[in-house]
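To get the numbering used here, take the position in the sequence shown, counting from 1, and add 1.
Structure record follows, encoded as structure tokens.
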Amino acid sequence: MSGRVDRRRFVRGALGGALAAGFVAARSQPAAAGLLSGASSDGALLEGLLGVEQAIIYTYRYLIHSTRPSGAAAATLRKFEGHEVVHARTLGDELARRGRKPPAPPRSVSA
């Protein structure tokens with residue numbers, strides 16, 4: 002296998018553990034525990050999915066700013082974070098189209 006860093010290998014490596022830790026912390030909160038379960042409408046499901054995207058964005062940004070990666074790792078993190086921003090924007094736009102207000106993004110791991 003080449004030395005090229007691809008998404009699957011990168012996430013399975015060091016990033017995988019950090020992301021898992023962030024999600025475990027987020028899911029330990031009562032409000033986040035049932036983020037998608039019990040969604041009573043498409044709008045509620047979209048809100049839950051946007052919450053997941055927001056948690057992923059928070060995690061990427063936390064890793065970028067706390068670990069200060071360099072080179073290919075930094076570029077890969079920023080690229081993936083950019084993808085998640087697009088996903089979140091798309092979900093937020095759809096919620097707005099349905100007349101719903103998007104949830105506020107997390108401000109900390111415990112949010």
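Glycine is no exception: its CB is placed at the ideal position from the N, C-alpha and C atoms.
For residue i, which three-state DSSP category applies?
| i | result |
| --- | --- |
| S109 | coil |
| K102 | coil |
| G39 | coil |
| S71 | coil |
Please name the residue in the options whose C-alpha comes closest to that of residue i.
| i | options | result |
| --- | --- | --- |
| V77 | H88, L64 and A89 | Looking at the sequence shown, residue 77 is not Val but Thr. Of the candidates H88, L64 and A89, the one whose C-alpha sits nearest the C-alpha of T77 is L64. |
| V53 | G83, H88 and P70 | H88 |
| P106 | R79, K80, R62 and D43 | R62 |
| H66 | A73, A56 and R79 | R79 |
| R108 | Y59, S42, L51 and S41 | Y59 |
| A56 | P70, D43, S42 and E85 | E85 |
- Message: Three Cβ pairs or more, each shorter than 8 Å: is that satisfied between the region 38-53 and the region 93-106?
- Response: yes
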